[in-house]
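In full-length UniProt numbering, the protein residues as written are 1 to 160.
Backbone N, C-alpha and C define an ideal beta-carbon position, used for all residues, glycine too.
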């Protein structure tokens, strides 16, 4: 019987659910019938869509992102998710958002997905946007409106 080498994975700390207090802003997201898979819970790929939806809706509402005419757009270059409890239709999910890192042209967003009213994440993860010039697709400095919208999301920022 072959043995598995778990020494590689044990070097990293095991992800754990996060509390609501770890996130700055929350957005409700309704699950849809089509989100469920054959196993009766939301399929893993949907979680990544929720990450994108929560962050981009926030940025649009803050006037920091114009998806149709803005000169700067965010391209995802990295994404990751850890799953702790299943979510399923019909259920409302609450996406908590925070920013872990702001670079010259990139931002690491962290998103926690909560079953409505639950104190701990059912899943949490991150994605990194590199902001680029829409026309040439080359990295550019974060616009001032985006920088301002990100400040309330910074990890460790005072919560209202």
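> What are the boundary residues of the alpha helix (DSSP H) that residue 67 is part of?
Replying inline: For residue 67, there is no enclosing alpha helix (DSSP H), since its DSSP letter is neither H nor E.
> Since residue 65 contacts residue 130 with CB under 8 Å, what's their CB separation in whole angstroms?
Replying inline: About 14 Å separates the two Cβ atoms, so there is no contact after all.
> Relative to the C-alpha of residue 22, which residue among 95, 12 and 138 is closest?
Replying inline: 95
> Which partner residues of residue 123 appear in the DSSP bridge assignment?
Replying inline: 83 and 113
>> I believe residue 54 touches residue 97 by the beta-carbon criterion, under 8 Å. Please report the beta-carbon distance rounded to the nearest angstrom.
In response: 6 Å
>> Whether or not the region 113-132 and the region 77-94 are in contact is what I'm after, with contact meaning three or more pairs of Cβ atoms, one per stretch, closer than 8 Å; do they touch?
In response: yes
> Buried or exposed: where does residue 29 fall if 16 or more other Cβ atoms within 10 Å of its Cβ makes it buried?
Replying inline: buried
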